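Numbering (this note's numbering), first residue to last: 88 to 1101.
Okay, structure first, notes after.
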Amino acid sequence: MTAQEPTLRVGVDVGGTNTDGVLLDPFATSEPSRGILSWHKSPTTTNPSQGIEDVITTLLANAKVDATRIASVTIGTTHFINAIIEKDQNRLAPVAVIRLCGPYSRDVYPGIDWPSDLRTLICKYFACVDGGLEVDGQLIGTVNESQIAEQCEKIKATGIRSIVVNGVFSPSDLVERQEERVAEWIQKYYPEADVVLSKQVANLGFVERENAAILNASILPFARRTIASFQQAIARLHLSCPVFLTQNDGTILQAHLAARLPIRTFSSGPTNSMCGAAFLVREMHDRQGMLVVDVGGTTTDVGMLLASGLPRQAAAVTEISGVRMNFSCPDVKSIGLGGGSIVRKSTRTSKMTIGPDSVGHHIHERALVFGGDVPTTTDYAIASHPQLSIGDAGLVATAFTNADVEQYQAVVRQMLETIVDRMKTNADDIPVLLVGGGAVIAPDTLKGASKVIKPEYSGVANAIGAAIARVSGTVDTVVNTLDKTTQMTLDEVSKFAVDRAVENGAIRETVQIAEMELLPLQYVANKARVIVKAIGDFDFSKAASASAPLAAAFESEEQVSDKNPLQNSTADDTTNVPVDITSYKPLINERREWIVSEIDLEWIAVGCYILGTGGGGTPYPDFVRLREMVRRGAVVRVISPEDVKDDEWVACGGGMGSPTVGIEKLSANEMMEAQNAIYKYVGFKPHAVIALEIGGGNGLQGMLLGASNHMDIPTVDGDWMGRAYPTGWQITPVVLGGDQALFLPTSSSDGNGTEMLMTSATTEKMIERAFRAALAEMGSYVGCARGPCSGKDMKAWVIENTISLAWRIGRAVALCRARNEIDSVADVIIDEVGGPNSAKVLFKGKIVAVDRKMFKGHVYGEVVIAAVDAVVEGEKYVFKGKMKIPFKNENIVATVVDEEGKEQVVASVPDLICVCDTSSGEAIGTPEYRYGLLVTVIGMQASEKWTSTARGIEIGGPGAFGMDMEYKPLGLFSKPRSVIDEYYQTHRAYHQYKKAYTIAGDPRNAQPMPFKHL
């Protein structure tokens, strides 16, 4: 290899303040210089391509290197995500969506949960056509070319040129390739259109994947122009090398691929810094994780580097500009501490605070060391270490007392140690890398850090990360595990991931598996979700295609019609209207009916998932659907059990099946079809409806059914479980009503034309077994309806006021968020549940291990939570050791293991064991348990309808789950407070007032009552 061959790499990171660049020789990285030939930092220009050109010109000049030696240029940029955040209509194109879904998902239109302004700007058209797959690969329906041709004509007439194709379970579609076939037809009938396939953008999760695909499609024209300008800048420098962009996961994407998938670059900035930091200390990084602390001008970003060298990824669902998505993003926590953070000291208390406000890029004018008048962290750092060559140390030599400097150091140390502890995955000390221009403010030692490293060139770690990034390939699919070991299954999917990395440009011989996970699917026989990521070095011998400039045909985008033909959309979005939580009062009408509002629904949904005790599936899709019904005029009415007459009939319904299916195959009309089958058979209509279980998505099903046009009946404030249980016969009617079949007939529907009706059975358990046996053949998720019971029986069996309880729990979470007091959310929830005698915090810590296996359709497993290492000043709860929680879809037992290994059971079913995300207060379901999550475990005493009899413990206690232990109550059950009873009194004067004037016949002359919230 001669010295003139193209081997050098350029990395450029275009930030909001600075554009950083580095020129690196990958064959000299073992030298003390790390192969870095030159580096440069300059203010970001209005025209980013000009700034990139200037930086690269400076790099080549400083290193005295000819342009012919450059093998690649890799760019990290925030331009694409900024277009979304700023909602810039000049950079965002309107989008049409074609769903391959058959009868499913029609009530949840694209953008249904977006901020209204962004939805109006982007989501212009959608259509549902035949197609889609079941979880086992069977067809929901075949795709139809004539339907696609018809939709192309309609979309073309609107002028929309960006089209998203989203098929049910498309990420698992390796055989039918429905999305790909539809894309070919679109190109045939509308060749001018851009087509985005959802499966190429994100993973399982129908709504979140579609959201990501829509944003990707909207940004396409701007991304093409921007990336073309990058390539033009490279061409002006006479560089013939390929251009890459960095992705969210720390790997690179060729420019022509990035122009098709710009969304993959949205969060590449923090990732570049972490990968660059890993490169600078790679000898000590081998085979161990590290924390990277990137100190900028305004914030400090902290992320975890895995042993693979890639950043730890965030939770499955992320949010950008109010849009939920499920594409890969680094798990980064930020605090308001940077080199320009303003330091204040109270004259009254002498307490010192740092940030979160900052002088930012004005530090050279406003900081004391540069002649300004604002004390910043940089000023204190120079006062502590005057040998640092930043500004004029003499300007701060006498500005602060020794006590001031010591107090500053203590505050900085406490802030950094707290965020470091929150990001660690276990109690062991871990290496901490300090990078970024503001790293000078950080101390040389930190509690929880085995060592604190400030590597050379750390100021341009982001550009280094771009220069050394590798190529990846990821597969997220559902596979058949019949007659296969776990390793055989992982090996099979790994081959696909390796092939995908090679397709993206990697050298096959260098590709390694970086991450893999296997998640068995509940209620789906021999099926598992498998996620595998492979990474490797880029093959520069095949780089010619990557260097080709992007087509310029789209440089000037045509204008499209302002008309919004999006079907089923609503006019106004009220979710962004601020609500005073403390003064908000739900509406109870004169008939003692709770008229549920959107904010009520939001709180109930949050509470339902917490009451799900790890199971039941996320209520979010059902919440969005129900909220949309309300916006279209449906009325959700909730009544107290006591207000149902003994001779009235009460319906019951809910979903049965896998939560994984529920997040991908959104509901059709299966719930109502099952109900219709019942009432067609019995020949009468029910007077009210009750939810089977309050936990998880089924907690909203009663309201969904009751508010529908077909039923239009109130929902009872209660349920048959008071939580979520894995089987439909673990209910209080079976506890209190005996072994016989209590709800006949019982029916189920798959929403796609298949229904079952059982008119005779011996027990509820037998009904459950029969319907479970048919479940797999009906798509692994069905709507179920149970025969009606009398109002008298309902009042004897019901666990009362559980919708009220869910509302109160959800309101507690919302209140703590509004007050920025999320650390107190557990205490507020406990108060709502009945106080310390009825609920308690069982443990706080971080998930350090999760084990799952499938048996007879249920996911069995165990999660292990380790106590956090540091104790925050004023922390009410201090825990040591670990907690183990075995689960069968839902959490079963909570056992504390002390530091000597002694075990103590602190809670068990039927009491509720709820695992919540400490950072948000919301529930974490068992499918979402993952290594490193910071969680709070709350225990709640179960209803006496479970605990007061031996039969209740037999059906719902530890023995029902194969646990050989005695049930011991967590505390004393406190009956949930009825929202209806509490707030009906608030409205009673109004109702009496209204009634009096109506009788008098002249209500118009009445003076308004002071009920502004009405």
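Think of the CB as a built atom: it goes at the ideal place given N, C-alpha and C, for glycine as much as any other residue.
On a predicted model such as this, the values are computed, not experimentally measured, just so you know.
For residue j and residue i, the rounded distance between their alpha carbons
i            : j            : result
residue 823  : residue 1038 : 8 Å
residue 435  : residue 494  : 16 Å
residue 320  : residue 432  : 48 Å
residue 128  : residue 143  : 11 Å
residue 97   : residue 550  : 8 Å
residue 1107 : residue 107  : In the structure displayed, the chain extends from 88 to 1101; residue 1107 sits before or after that span and is not available.
residue 111  : residue 125  : 7 Å
residue 136  : residue 388  : 26 Å
residue 406  : residue 715  : 20 Å
residue 702  : residue 438  : 45 Å
residue 699  : residue 972  : 15 Å
residue 827  : residue 884  : 15 Å
residue 280  : residue 798  : 43 Å
residue 359  : residue 622  : 16 Å
residue 656  : residue 299  : Any reading at residue 656 must be qualified, since the residue scores a pLDDT of 41, below 50, and its modelled position is unreliable; the value itself is stated next. Answer to the nearest angstrom: the Cα atoms are 19 Å apart.
residue 341  : residue 166  : 17 Å
residue 503  : residue 891  : 41 Å
residue 670  : residue 916  : 18 Å
residue 640  : residue 240  : Residue placement at residue 640 is poorly supported in this model, since its pLDDT is 31, which falls under 50; the coordinates still yield a value, given next. Going by the C-alpha atoms only, they are around 22 Å apart.
Cβ-based neighbour list, residue i, same chain, cut-off 6 Å, excluding 5 preceding and 5 following
i           : result
residue 235 : 269 and 272
residue 116 : 122
residue 149 : 125
residue 214 : 185 and 238
residue 254 : 187, 218, 219, 265 and 266
residue 408 : 171 and 172
residue 164 : 101
residue 604 : 618
Any chain B beta carbon closer than 7 Å to residue i
i           : result
residue 140 : Looking at the structure shown, chain B is missing, and only one protein chain is on hand.
Counterpart residues of residue i in DSSP-defined beta bridges
i           : result
residue 884 : The partner list for residue 884 (beta bridge, DSSP) is empty, contrary to what the question assumes.
residue 971 : 951 and 982
residue 605 : 617
residue 938 : 949
residue 226 : 220
residue 994 : 981
residue 842 : 836
residue 872 : 740 and 834
residue 107 : 100 and 128
residue 212 : 183
residue 757 : BP columns for residue 757 are empty, so no partner.
Residues near residue i by beta carbon distance below 7 Å, same chain, minus five either side
i            : result
residue 258  : 286, 290, 291, 563 and 564
residue 444  : 429
residue 483  : 455, 456, 466, 469 and 470
residue 230  : 187, 217, 218, 265, 268 and 269
residue 837  : 757, 865, 866 and 869
residue 1054 : 995, 1040, 1044 and 1045
residue 141  : 129
residue 734  : 877 and 878
Contact set for residue i: own chain, Cβ-Cβ below 8 Å, skip 5 residues either direction
i            : result
residue 1068 : 727
residue 310  : 167, 345, 346 and 349
residue 250  : 182, 183, 184, 185, 242, 273, 277, 280, 281, 282, 283 and 304
residue 1012 : 696, 699, 701, 702, 703, 704, 705, 746 and 783
Cβ separation of residue i and residue j, assumed to be a contact under 8 Å, to the nearest whole Å
i            : j            : result
residue 156  : residue 95   : 5 Å
residue 295  : residue 412  : 5 Å
residue 1141 : residue 723  : In the structure displayed, the chain extends from 88 to 1101; residue 1141 sits before or after that span and is not available.
residue 970  : residue 1024 : 6 Å
residue 423  : residue 447  : At roughly 12 Å, the Cβ-Cβ gap does not stay under 8 Å, so residue 423 and residue 447 are not in contact.
residue 588  : residue 161  : Actually they are not in contact, since the Cβ atoms of residue 588 and residue 161 sit about 17 Å apart, beyond 8 Å.
Heavy atom of the ligand GDP within 6 Å of residue i beta-carbon
i           : result
residue 808 : Ligands displayed in this structure: none; no statement on the ligand GDP is therefore possible.
Any 3 or more C-beta pairs closer than 8 Å across the segment 775-785 and the segment 736-744: Contact between the segment 775-785 and the segment 736-744 is present: 3 or more CB-CB pairs across the two stretches fall below 8 Å.
At least 3 beta-carbon pairs within less than 8 Å: the segment 892-906 vs the segment 922-939: The segment 892-906, when compared against the segment 922-939, does not touch it at the 8 Å Cβ threshold.
Meets three-Cβ-pair contact criterion under 8 Å: the segment 685-694 and the segment 987-998: Taking 8 Å as the limit for Cβ pairs, the verdict is that the segment 987-998 does not touch the segment 685-694.
The segment 865-882 touching the segment 831-840, judged by at least three CB pairs closer than 8 Å: A contact exists between the segment 865-882 and the segment 831-840.
Any 3 or more C-beta pairs closer than 8 Å across the segment 350-359 and the segment 332-342: The segment 350-359, when compared against the segment 332-342, does touch it at the 8 Å Cβ threshold.
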